[in-house]
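Asker: Take 256 as the starting number for the sequence shown in my numbering and just add one per residue.
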Amino acid sequence: MIRLFIEDNELDVNQGFSNQITYAIDDLQNLDSKATAFSKTIVLPGTANNNRLLGNIFEFGSANFTVDGTANVEYNFNASRSAKMKMEYNGVQVIKGTLRLLEIIIDDGLIEYEIALFGELGGFFAKLGNKKINELDFSSYNHIYSVTNIINSWNNHNAGYGYYYPLIDYGNVSVNKIDYDYKAFRPSLFVKEIFDKIITENGFTWESNFFKTNFAKSLIIPNNQDRLTTVKTQALQANFLVTPLEVNTTASLRFQNVIGGFDLINENKLKYISSNASLNYNINYQGYIYIQNTGLLSARLSGNLYTYINGVQVTGSGKNININKPVSNVPYFIPFSYNFSGQYNFLTNDTIEIKFIPSGINTFTQAGFSPQSGNLITATSPVPIVLPVTLNDNLILNSTLPINIKQKDFFASILKMFYLMVTEDKFKERHLIIEPWVDFYQNDRTTYLDWSDKVDRSQVIKIKPMSELNARYYQICYKSDNDWRNEEYRKLYQEGYGDRIYDNGFEFAKETDKTEVIFSATPLVGYVVNNVAVDKIVSAIYKRNNTLEERMASNIRILYANKLTGYSNWYIQNNGTNLSSALTDYGYAGHLNDPDVPSIDINFGATKQLYFTLVAGALSNNLFNAYYSSYLAEITDKDSRLLTVKMKFTESDIYNLDFSRYVLIDGVLYRLQKIIDYTPGELCEVQLLRVISTNYN
256 MIRLFIEDNE LDVNQGFSNQ ITYAIDDLQN LDSKATAFSK TIVLPGTANN
306 NRLLGNIFEF GSANFTVDGT ANVEYNFNAS RSAKMKMEYN GVQVIKGTLR
356 LLEIIIDDGL IEYEIALFGE LGGFFAKLGN KKINELDFSS YNHIYSVTNI
406 INSWNNHNAG YGYYYPLIDY GNVSVNKIDY DYKAFRPSLF VKEIFDKIIT
456 ENGFTWESNF FKTNFAKSLI IPNNQDRLTT VKTQALQANF LVTPLEVNTT
506 ASLRFQNVIG GFDLINENKL KYISSNASLN YNINYQGYIY IQNTGLLSAR
556 LSGNLYTYIN GVQVTGSGKN ININKPVSNV PYFIPFSYNF SGQYNFLTND
606 TIEIKFIPSG INTFTQAGFS PQSGNLITAT SPVPIVLPVT LNDNLILNST
656 LPINIKQKDF FASILKMFYL MVTEDKFKER HLIIEPWVDF YQNDRTTYLD
706 WSDKVDRSQV IKIKPMSELN ARYYQICYKS DNDWRNEEYR KLYQEGYGDR
756 IYDNGFEFAK ETDKTEVIFS ATPLVGYVVN NVAVDKIVSA IYKRNNTLEE
806 RMASNIRILY ANKLTGYSNW YIQNNGTNLS SALTDYGYAG HLNDPDVPSI
856 DINFGATKQL YFTLVAGALS NNLFNAYYSS YLAEITDKDS RLLTVKMKFT
906 ESDIYNLDFS RYVLIDGVLY RLQKIIDYTP GELCEVQLLR VISTNYN
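#1: How about the stretch 899-907 and the stretch 815-829: do they share at least three Cβ pairs that are nearer than 8 angstroms?
#2: Just how far apart, CA to CA, sit Arg509 and Thr606?
#3: Count the other CB atoms within 10 Å of the CB of Leu357; is the residue buried (16 or more) or exposed (fewer)?
#4: Classify Gln492 as helix, strand or coil using the three-state DSSP reduction.
#5: Looking at the unbroken beta strand (DSSP E) that takes in Ala888, where does it start and where does it end?
#6: Quick check on the DSSP output: what are the complete beta strand (DSSP E) runs of length 3 or more inside the stretch 400-449, in order along the chain?
#7: Helix, strand or coil for Ser823? Go by DSSP, reduced to three states.
#8: Going along the chain, which residues of its own chain have a beta-carbon closer than 6 angstroms to the beta-carbon of Ile716, five neighbours each way excluded?
#9: When you compare only the Cα positions, how much space is there between Gly751 and Phe879?
#10: Quick one: give me the first and last residue of the alpha helix (DSSP H) that Leu308 is part of.
#11: Rounded to a whole number of angstroms, what is the C-alpha to C-alpha distance between Ile350 and Val677?
#12: Secondary structure at Ile909, three-state DSSP: helix, strand or coil?
#13: Strictly by DSSP, which residues pair up with Ser846?
#14: My assumption, with CB atoms under 8 angstroms, is that Val486 sits in contact with Ser654. Please give the rounded CB distance.
#15: Cutting at 8 angstroms between CB atoms, please list the residues of its own chain near Ile215, excluding the five before and the five after it.
#16: In terms of DSSP beta bridges, what is Ala279 paired with?
#17: Going by beta carbon distance, what residues of the same chain come within less than 7 angstroms of Asn659, once the five residues before and after it are set aside?
#18: Could you tell me if Val789 is buried or exposed, where buried requires 16 or more neighbouring beta carbons within 10 angstroms of its beta carbon?
#19: Give me the Cβ distance between Pro643 and Thr403, rounded to the nearest whole Å; I'm assuming they're in contact under 8 angstroms.
#20: Between Asp840 and the rest of its own chain, which residues show a CB-CB distance below 8 angstroms, the 5 nearest in sequence each way excluded?
#21: Quick check: the Cα distance between Val946 and Tyr925, rounded to an integer number of angstroms?
#22: In whole angstroms, what separates the C-alpha of Lys791 from that of Phe774?
#23: Tell me the start and end of each unbroken beta strand (DSSP E) in the stretch 321-384 that is at least 3 residues and wholly inside, in chain order.
#24: Below 6 angstroms CB to CB, which residues in the same chain sit around Lys719 once its five sequence neighbours on both sides are set aside?
#25: Buried or exposed: where does Val268 fall if 16 or more other Cβ atoms within 10 Å of its Cβ makes it buried?
#26: Go ahead and label Val693 buried or exposed: buried means 16 or more other beta carbons lie within 10 angstroms of its beta carbon, across all protein chains shown.
#27: Label Thr468 either buried or exposed according to how many other C-beta atoms from any shown protein chain fall within 10 Å of its C-beta, with 16 as the threshold for buried.
#28: Can you look up Met672 in the DSSP assignment and give me helix, strand or coil?
#29: Measuring CB atoms only, is the stretch 469-478 touching the stretch 430-448, in the sense that at least three cross pairs come out at less than 8 angstroms?
#30: With 16 as the cutoff for other CB atoms within 10 Å, does Thr633 come out buried or exposed?
#31: Does DSSP put Leu286 in a helix, in a strand, or in coil?
#32: Can you tell me the Cα-Cα spacing of Pro613 and Ile544, whole angstroms?
#33: Would you call the stretch 845-863 and the stretch 798-811 in contact, with 3 or more CB pairs under 8 angstroms?
#34: Compare the beta carbon distance of Thr573 and Tyr561 with 8 angstroms and say whether it is the shorter of the two.
#35: Do Met340 and Ile257 come within 8 angstroms of each other at the CB atom, strictly closer than that value?
#36: Between Gly301, Tyr744, Ser507, which has its C-alpha nearest Ile366's C-alpha?
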């Protein structure tokens, strides 16, 4: 007897109800796929019970107010959301996961519902939808962007949670490539925690021995913006230069200590460099006008002070200045103030400045403005906006995450990188088990299941050599990006930095099976200054125009974090001024676990060129060799076989289905790959891959 439940409520099924369910662990011919159990279309009758449980959705004018987070059934039923489902045969569960309503058919008053069932992994991916990773909640890690927090974070390099500030050369962050400006340090979040939040914030739980390792807990996602930004309302704060400004003909007041969405241009203008925003700006100059003349004439200063935006004088911003003092060798200091407020819709690269425009005859040996302490210009936004971060800002961690990255794409790319297998726990609801292929199968040959007697030998048996796959080459690669070293490497070698192309030697095909992740590779660079190699090796993400470095918004990256020690003295700086004491360690991040003595490489393959001198260590422990080579060696071995047979399973067999256990047929070990169109009590098709070796180490 078959019973079907939606949100723990039993649905009515037709007498003679039949279903066909496919169970799979992987698609042998497509390394990109991750499979889940699913059914073919099932038809349910439009009984009063089914109509009620499905919210009477068959009615033409039906509309209901639904509440997310509550059971998707009865009046709260929403066909656009997943509904929890399980199916039992003779009281034994044969599938659990998600029910999806496909279509409602009304024929002469007879109502039928076409539905499909998906295992929990399929429901999980459906739940992710188009959600982005910057929608995940990292607010508990908001903190002050300070040198102290930067340095302290290096001790967190293998925690797997929290934040970490790696030293990355983003361009124009170091003059000598020894000391680095604080702008070279941007917060990174850990892959493990992003991965965890993707699962748990979408209503699932999980377990994984792989993610408990120091290796997995050391993987980070660095900031990929052209500038580090955060959300704030204070868009600008700029002080007048402490050094007095001398006036001759036309002069602009110069600024220092600029924070917010503006940068200095030629020391006398502020250029807005962030997102477009309508800002309320306020100019508040408090200080002195000073004037002297050591000649025969009295000292005279006449003119107006104006605010200019993009070189255009702002109406009503003028302040008249008219001073006439006797000849003296000592400057006169006259108290003076200039106040002006306004609102302007600033665009990226807009400028604001204050100019003195002389008028009439001016006679002086020296004249200018001498400020008191305090702000000269401030600007605020009526609503919080994304703005560049400056030292000691309150940093909103979510604003530093890569934007427009879908959670499902991030999740899938992590699965691809380490060839992770995902299975659903049959005892726990919405619980995923995630392990690499190399660790997934139980290596104890004595734990196999003997299915020799289940094979129906009266049916056709197919044995297919795996070398008959259509692809000759397997390309496993990062997504290309156009930063300086990545572009240079691609042009030189006609392939991406860190990619791997595996040739299986199959002579009857030339095609390439490509597996690409959403991340881009990040070359490591060692610099040479005055013919001496700098001892710190850093990841470099910037463009270069001849010798000029240009910051860029890059594609999302993934790096290995490590605190490295024992280096020559260096400093964290702000425009050449030391902010830290002498440092002999740094927060490293790169594709190697240690660029001086590497033993792990998160590139897929060894590169044909390194941009630093490798002193010791090995580059062979890359992702291909660690996570892919065993699988590809097995499916392309000359003795490899894909066996397709017909079998009949009991409901107990299906309930206890475990893809990690070997299957024995006629004395030969196989890995179960797929059970196709299982129907209780009937024959179904089974695909199994012959085991060549249980241990490739």
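For every residue, glycine included, the Cβ atom is placed at its ideal position computed from N, Cα and C.
Answerer: Result, derived from the coordinates:
#1: No, they do not touch.
#2: The sequence position of residue 509 within the sequence shown is 254, counting from 1. The sequence position of residue 606 within the sequence shown is 351, counting from 1. Rounded to the nearest angstrom, the two C-alpha atoms are 13 angstroms apart.
#3: Your numbering for residue 357 matches position 102 in the sequence shown. If you draw a 10 Å sphere on the C-beta of Leu357, you find fewer than 16 other C-beta atoms in it, and that means exposed.
#4: Along the sequence shown, one-based indexing puts residue 492 at 237. Strand.
#5: Translated into the one-based positions of the sequence shown, residue 888 becomes position 633. First-last for Ala888: 884-891, but that is the alpha helix (DSSP H), not the beta strand (DSSP E).
#6: Within the stretch 400-449, the complete beta strand (DSSP E) runs of at least 3 residues are 443-445.
#7: If you number the sequence shown from 1, residue 823 lands on position 568. Looking at Ser823 - three-state DSSP - the assignment turns out to be strand.
#8: In the sequence shown, residue 716 corresponds to position 461, counting from 1. Here the set comprises Val900.
#9: Residue mapping note: residue 751 aligns to position 496 of the sequence shown, counting from 1. Residue mapping note: residue 879 aligns to position 624 of the sequence shown, counting from 1. Taking the straight line from one Cα to the other gives about 15 angstroms.
#10: On the sequence shown, position 53 is the one that residue 308 refers to. For Leu308, the uninterrupted alpha helix (DSSP H) segment begins and ends at 303-308.
#11: Mapped onto the sequence shown, residue 350 falls at position 95. Mapped onto the sequence shown, residue 677 falls at position 422. Each residue's alpha carbon lies about 16 angstroms from the other.
#12: On the sequence shown, position 654 is the one that residue 909 refers to. In the structure shown, Ile909 falls within a helical segment according to DSSP collapsed to helix, strand and coil.
#13: Counting from 1 along the sequence shown, the entry for residue 846 is found at position 591. A small fix is needed here, since residue 846 is His in this sequence, not Ser. Bridge pairing for His846: absent [DSSP].
#14: As a first step, residue 486 is located in the sequence shown; it is residue number 231 there, counting from the start. As a first step, residue 654 is located in the sequence shown; it is residue number 399 there, counting from the start. The Cβ separation is near 5 angstroms, so the contact holds.
#15: Residue 215 is absent from the structure shown; the chain starts at 256 and stops at 952.
#16: Looking up residue 279 in the sequence shown gives position 24. Residue pairing by DSSP puts Ala279 in a beta bridge opposite Lys929.
#17: As a position in the sequence shown, residue 659 is number 404, starting the count at 1. Closer than 7 angstroms at the Cβ level, and outside the excluded window around Asn659, lie Lys387.
#18: Here the question's residue 789 lines up with position 534 in the sequence shown. Here Val789 is buried, its C-beta having at least 16 other C-beta atoms within 10 Å.
#19: Here the question's residue 643 lines up with position 388 in the sequence shown. Here the question's residue 403 lines up with position 148 in the sequence shown. The pair is not a contact, with the Cβ atoms about 21 angstroms apart (cut-off 8 angstroms).
#20: Numbered from its first residue, the sequence shown carries residue 840 at position 585. So the qualifying residues of the chain are Trp409, Lys818, Leu819, Thr820, Gly821, Tyr822.
#21: By one-based count along the sequence shown, residue 946 stands at place 691. By one-based count along the sequence shown, residue 925 stands at place 670. If you draw a straight line from the Cα of Val946 to the Cα of Tyr925, it is about 5 angstroms long.
#22: One-based indexing of the sequence shown puts residue 791 at position 536. One-based indexing of the sequence shown puts residue 774 at position 519. Distance between the alpha carbons of Lys791 and Phe774 is about 24 angstroms.
#23: Complete beta strand (DSSP E) runs here, min 3: 338-344, 347-362, 365-374.
#24: Numbered from 1 along the sequence shown, position 464 holds the residue referred to as residue 719. Hits under 6 angstroms: Leu897.
#25: Here residue 268 is taken as the residue at index 13 of the sequence shown, counted from 1. When all chains shown are included, Val268 counts as buried.
#26: As a first step, residue 693 is located in the sequence shown; it is residue number 438 there, counting from the start. So Val693 counts as buried.
#27: For this step, residue 468 is matched to residue 213 along the sequence shown. Counting Cβ neighbours within 10 Å, Thr468 comes out exposed, since fewer than 16 surround it.
#28: Walking along the sequence shown from the start, residue 672 turns up at place 417. The answer is helix: DSSP assigns Met672 an H, G or I state.
#29: The answer is yes - the stretch 430-448 touches the stretch 469-478, with three or more Cβ pairs under 8 angstroms.
#30: One-based indexing of the sequence shown puts residue 633 at position 378. Label assigned to Thr633: buried.
#31: To locate residue 286, count along the sequence shown from 1; it is residue 31. For Leu286, the predicted structure reports a pLDDT of 45, less than 50, and the residue's modelled location is therefore unreliable. A value from the coordinates is still provided. If DSSP states are grouped into helix, strand and coil, Leu286 belongs with coil.
#32: Position 358 of the sequence shown holds residue 613. Position 289 of the sequence shown holds residue 544. Per the coordinates, the alpha-carbon of Pro613 lies some 14 angstroms from the alpha-carbon of Ile544.
#33: Not touching, per the Cβ criterion.
#34: By 1-based counting over the sequence shown, the position of residue 573 is 318. By 1-based counting over the sequence shown, the position of residue 561 is 306. According to the sequence shown, residue 573 is Gly rather than Thr. Yes, the pair counts as a contact, with Cβ atoms nearer than the cut-off.
#35: Your numbering for residue 257 matches position 2 in the sequence shown. Your numbering for residue 340 matches position 85 in the sequence shown. Their beta carbons are not under 8 angstroms apart, which means Ile257 does not touch Met340 by this criterion.
#36: For the purposes of this step, residue 366 is taken as residue 111 along the sequence shown, with counting starting at 1. The option with the nearest alpha carbon to Ile366 is Gly301.
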